[in-house]
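A short write-up of the structure that comes next.
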Amino acid sequence: MANFLAQFQSIKNTFDHIIVAVEDVSDLWPLVKKEFEERLPFKRAFLNNKTRNPVLVDELPVEYILTTDARIRSRFPQEQSLFWFREPYATLVLVTCEDLDEYKTILKPRLKLIVQNDEREWFIIFMSKAPLHNDQATKNAKKVYAKLEVEFSSKKRERCCKLDIHGPEANFWEDLESKVVECIRNTLDRRIQFYEDEIRKLSEQRFMPIWNFCNFFILKESLAFMFEIAHLHEDSLREYDELELCYLETANIAGRHRDFGGMDHGDDQASLLDPVKKPLTQIVQDDSFREFEFRQYLFACQAKLLFKLKRPFEVASRGYSFIISFSKALVMHESTLPFCMREVWVITACLAVVDATSAHYTEGLVASDIEQEFYRVQGDLYSLCRTKFMRLAYLIGYGSAIERTPANSASLSMLPWPKPVAWPSLPPDASPEVLLKEKLILQETPRVKHFGIQRKPLPLEPSVLLREANRRRASLSAGNVFELFDGRPNSVDGLAPLSPLPKAQAMAMSRTNSSPGNFDASIDRPMRIAEIYVAAEHALRKTISNEDLWKSLSSMIEFEEKYLELTKGAAENYHQSWWKRHGVVLDGEMAAIYLKRGNFDLAAKLYEKVRALYAGEGWENLLAEVLPNLAECQKILNDQAGYLSSCVRLLSLDKGLFLTKERQAFQSEVVRLAHSEMAHPVPLDVSSLITFSGNPGPPLQLCDGDPGTLSVTVWSGFPDDITLESLHLTLTATNSADEGIKALKSSDATILKPGRNTITLSLPPQKPGSYVLGALTGQIGQLRFRSHSFSKGEPVDTDDFMSYEKPTRPILKVFNPRPLVDLDAAVSSALLINEIQWVGIVVKPINYTLKGAILHVDTGPGLSIEQSHGIEIEKYSNGSPDSTKLGQPEGSRNHDSVGSIEANQLDLRDSKIKLPDWASNVTSVLWIPMRASSESLARGTQAGSGVSQRLSLVEGLRTIALRLEFGISHNQIFERTLAVHFTEPFHVSTRVADKCSDGTLLLQVIVHSQVKASLTIYDAWLDLQDGFSHTGKGDGRPVSAFFPLTISPKSRAAILFSIFLENTLVEEASSTDSIVNIRYGISGSRSNGAHAPTANEPKPNGAAKLLDFRSALVLQRPVLDPFLAVGFLPLPSNGLRVGQLVTMKWRIERLKDLVQNADSDINDEVLYEVNASSENWMIAGRKRGHVSLLGQQGSRIVISVLCLPLAAGYVRPPQLGLPDVDEANISCNPPGPHLVCVLPPPLSSSYCVPAA
Amino acid sequence: MQSQSRLPANPSRTGAKGFGSLIKWREKMIVCVAVVGHQNNPLYVQSFTDADDALKLHHIVHCSLDVVDERVNNPKKSGPTLNETFLGMLYPTENYKVYGYLTNTKVKFVLVTTDLDVRDADVRNFFRRFHAAYVDAVSNPFHVPGKKITSKTFAERVSNIVKSFGLSSAG
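Sequence order for the protein chains is A and B. The numbering used here applies: residue 3 is where the first sequence begins, and numbers increase by one. The numbering used here applies: residue 9 is where the second sequence begins, and numbers increase by one.
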């Protein structure tokens, strides 16, 4: 069956669609062929796939072939079953007949003959040639067709349809299509069934010796091919997948040695997308195929179908895994394959897949995740290709052009060397090339990194190539390699001249010792590295058939070009995928090339991307590789800002990553630039390098308006001291956003040591609130720098700078304005007026020091400071003043046993008092001697009336305006006006306690103590005003035995004076008051209230000074003092009548004896006078005259006056007056009537009218 | 950088089974383990190779984060393994394999091995033990979360775990 392979291939190559046979019974085909073919391919065909599910095929190409065609006729039956897929899928029988008889006799038997073969799907197309106008012919045709339908169509299936040539038959073509498709579907089902059965039969023998893969393959691929021509690509693909699985399963059965293949010229170029590159017949081996070609063939078929299915992304991803797995297979057979066959194959395969898939791929057709995955695979393919390409380049000596970056090292250093059976040896005539290579090697100078950074280069080789190559030359011992190292140290791989890899040497030694047999086998001289390169180049020349690839390896420049192209391809694709990091890293690889080529602009841009990537995630080790390169670019481009920030970044990296010398180089660059003439001075962010924090512990607490000093810890990441020309620190208020930033300045240059520094900044008064550190700014040379990063009290650990977080711990708290101090009067009770009194002012600091505070004292009117006395200050004992001191004489107070109480004498200058330091934090009392002066004399009041007492309270008020300047720079001011109450010691009220019958008055003088001190009255006397005089001895003093009289605070005492009224008349002008004089002593404490006035010089034996108190008393003579009583005697009861005389009588009675008036002339006579209205009354008798009245009390006299009423009515009666006697001394008892009724005169003709 | 001796600590492995066993053991080698923080910042990168090439392993670990990101951000792809901490093989290359593990605090563990036929179960087991070591290390009250792990005990423990990696199946 394997013989059919060639035939199968040729069929496959020439045949690519379903055919439909046309049995042209009535020679009609030429007439309709055009119309039939015009309607191809079928637009919507439902076919069944392998699992009998309908699948919609959008376009089904079909070819009509006459059964008489040679292609169908000349087939052997065996072929037919094997290549059944190419047999017609349907048979159309074209007939026409106009006559029923003709149909019966000729057509019907013939049709029966045709359709008897049940294998075939057939149906009959009856063509009516009858013209439209010919009714008869049409009728006949209809009859024949009806007959035909009866004969050939069954209920199950219609097998006839009718085409009217001359008439439009719109439905016919649809009908035809559906019928043809139905036939094809049926045929396809049957054939699928057939192939499946066959395949099952074969695959059951899979593990038997008779197994022939070729047969299986032909069957399987036939089925796949049939699916393909039926446009059931999905099924076809599945068949190929199964085929591949089956191949992998059976091809590698142990014990069967098979040729792998890949030895032909051109095999190095992958044919994984080209199924027809090599005919299958060429790769047949026994009963199977050579793996190398066959697997590529299978993949190519799959890829073709996938492209047809518009799934290029799947080609890419399958391609990648295919390349990987195939590469593994190549490793297994590396010994037989040409040198580096595997690498070359992978390169070409990757490029082929990339090219084909990207050509077939149109963006945006698939979901974004598939798209990203596609680009990722593209990137992977490029990347794989790039790795292998680098490997080849290294082998032929371009290793120096490959940047020894971590990425390149990662992909190359773990990739084993090619393992040919024997390393290619030097061709005989290659010595000029070797010389050339050696020259190149010698010319190579390892690129020195910027800043003179010297690093051990990362390996690009899994082991030393020189050793590996010589070891692979069977005739060589590794021991000689070691000799070679010693002999020519410069050419150790030509790439690591700085360190000859001592470890590798040691390993080479140990290996030599472990295989001693090799020692004497060294006949051949070991190859030198240049020779290895040349040998590899020659071997590769033989391997590589692709001219483009070879060209890329032909020179260093070409290599770089290709390398760049591959890197770019990988990077761009990765950028469009999820794998951004891969892309950016490859950007860095490109940057290295650009840097080398002098395209610094581009290099800097790409390096910047890499830097951002590494810095963003804190991969410092990798960053340390990239940053010097970036800095170099920036320096060349004169990008000072960038260069500076790169230097700063380098400095901020972990200290272990660079040597101190290198870090110093970074710093010197920064300093050099900072002090150079920069065209555009740039701000520099040194957040990662200079960090700062507040001191640990609670924040500095300041009161509103206070300046302070802030101590800040600054960490410098510079390796050496660095001079900062200026330094500013901003504070940010946490409570309000707009209340921004306050900058603190440290004006003079600061030198930061490496590591921790403490910097003190003066802090001007701030607004209340809490502040956190904002940013640190300053200048290095002309360079303004800024740092906004905080360290947490430990060396800057730059790995967390991305988790940068503003500390919430405030460094400064400025409190809201609050009372910092309180000034108050020490005593609330009244002090003595007009005496020198200690006015106590309590100075109470409220959690605030009063150091250096100055108190301004400004006394109000009526109050003056006694300059002669010093001012005292003492500690204020909390609460009420010591009760023990109460009652003690003032003098002993200062020599009190309470020694702990500090007391000081202070001076008053310009009404300012400087508080002593000890009083800064304690409450103290300031005692200032003051005198309140009052001109007015105290006035006593009538007992019981409290009005005037209130008045005296107001009078005694004095004010002291106080102003305390305190705080660090006297910035805090506290002002207060204190009211101090002064008073007389006593308030005096009087009352007449008793009025004796002899006219003596007992005057009670009540003294009410006004102060909180005990008063002792030593003497009291009364200076009486005119009109009063003392009884008795007349000195106005009470009995002296009462004195001294002590009056407790706020209590009262009374003194009785006995006085009497003088009867002498008092002149109105003299209105002097009586004065009560009290000589008293006071015993009180200044901390309580009134106290003894400060004496200018203390009296001997501490005797208290006696004080005088005077108070005016108002004594009034009694207002009413009747000594005569006048009574109106009753009138006659018959009433008064005009013209009728009546006697008016008054009785005068003496109420008091006229004793005191004894010496006066008029002693017993009383002047009287009667007043009456002359209109109403006529008085007969004396209106005015003296009557004698005895001086004794009780003597009385009646005065009678005869009166004649003149007018009737109610009239005022005549009045008796005593002109000599003050009205106050007259008592009317009983009082006279106001009006009397005068009756008219009796009727009479002789009416006497007085002459007018 | 700590350079891990390649010679096995267990003398029975070198002595009794000889050179072949040594080779086999070396093939089972873990070349690098890493802890990567939830912001993709390296917290601990330890290589176990002779050569002074830790940087390339940094690179491999860093690049493998691409795959972790992809899996985490593409729930479709990760599918049922979404809730699993073990991410499996991140990407196969021809020469080494990278395995990943994602803790629920989004800390990633990455393992780079040159052993191409490593068993999933071994790796899972490794990560489980590694996770325990990590948890112990960061539970240290003196450890600042998000900072590099500098604990010597942790390093020692990790190196023990690495040494014993695959022993159960090494034979």
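Note that the Cβ used here is the ideal one computed from N, Cα and C, for glycine as well.
- The continuous alpha helix (DSSP H) containing Y596 (chain A) extends over residues 582-599.
- Using a Cβ-Cβ cut-off of 8 Å, L394 (chain A) does not count as an interface residue toward chain B, since no Cβ of chain B sits closer than that to its own.
- At least one beta carbon of chain A lies nearer than 8 Å to the beta carbon of T122 (chain B).
- Taking a cut-off of 8 Å for Cβ pairs, the stretch 589-596 of chain A and the stretch 606-624 of chain A touch, as three or more such pairs fall below it.
- Contact residues of the stretch 623-644 of chain A toward chain B are N623, L624, E627 (C-beta to C-beta distance below 7 Å).
- The three-state reading of DSSP puts C248 (chain A) in helix, counting H, G and I together.
- Taken atom to atom, the span from the alpha-carbon of P1134 (chain A) to that of G1219 (chain A) is near 22 Å.
- Neighbours of P50 (chain B) in chain A, taken as residues at a C-beta separation under 7 Å, are given in chain order as G620, W621.
- For P1207 (chain A), the beta-bridge partners assigned by DSSP are A:W1179.
- Secondary structure note for E967 (chain A): it is in no alpha helix (DSSP H), and the uninterrupted beta strand (DSSP E) holding it is 959-968.
- Residues of chain A whose Cβ lies closer than 7 Å to the Cβ of K64 (chain B) are, in chain order, P408, S411, A412, S415, L460.
- Annotation: the stretch 615-647 of chain A contains the following complete segments of the alpha helix (DSSP H) (minimum length 4 residues), in chain order: 622-638.
- Annotated three-state conformation of P931 (chain A) is strand, per DSSP.
- V688 (chain A): not part of any beta strand (DSSP E); DSSP gives it neither H nor E.
- Distance from the CA atom of I372 (chain A) to the CA atom of D237 (chain A), rounded to whole angstroms, is 22 Å.
- I212 (chain A) sits exposed, since fewer than 16 C-beta atoms from the chains shown fall within 10 Å of its C-beta.
- When only Cα atoms are considered, C387 (chain A) and C342 (chain A) end up about 14 Å apart.
- Within the stretch 570-590 of chain A, the residues whose Cβ lies closer than 7 Å to any Cβ of chain B are, in chain order, W580, W581, K582, R583, H584, V587.
- Sequence-distant partners of D1025 (chain A) (beyond 5 residues in either direction) whose C-beta falls short of 8 Å from its own C-beta, in its chain, are G1038, S1076, I1077, V1078, N1079.
- I108 (chain A) carries a helical assignment under DSSP once its states are collapsed to helix, strand and coil.
- In this structure, the beta-carbon distance from V844 (chain A) to Y878 (chain A) falls below 8 Å.
- Rounded to the nearest angstrom, the gap between the Cα atoms of A921 (chain A) and I875 (chain A) is 9 Å.
- Between F117 (chain B) and V43 (chain B), the CB-CB gap stays under 8 Å.
- By the rule that beta-carbons nearer than 8 Å mark a contact, Y104 (chain B) touches chain A.
- Collapsing the DSSP output to three states places R674 (chain A) in a helix.
- The CB of I326 (chain A) comes closer than 8 Å to the CB of P100, E102 in chain B, given here in chain order.
- In the DSSP assignment, Y66 (chain A) falls outside any alpha helix (DSSP H) and within the unbroken beta strand (DSSP E) covering 64-68.
- Partner residues in the beta bridge of K916 (chain A), as assigned by DSSP, are A:I856.
- Per DSSP, A828 (chain A) lies in no alpha helix (DSSP H) and is assigned neither H nor E.
- Note that the C-beta distance between L646 (chain A) and V684 (chain A) is below 8 Å.
- For A140 (chain B), none of the residues of chain A pass the 9 Å Cβ criterion, the least Cβ distance being about 24 Å.
- In the DSSP assignment, C216 (chain A) falls within the unbroken alpha helix (DSSP H) covering 215-231.
- Judged by DSSP in its simplified three-state form, S1011 (chain A) adopts strand.
- Of the residues A:L652, A:D269, A:E65, the one whose Cα lies closest to the Cα of A232 (chain A) is A:E65.
- The Cβ neighbour count for G321 (chain A), taken over all protein chains shown within 10 Å, is at least 16; the residue is labelled buried.
- Secondary structure at T93 (chain B): coil, using DSSP grouped into helix, strand and coil.
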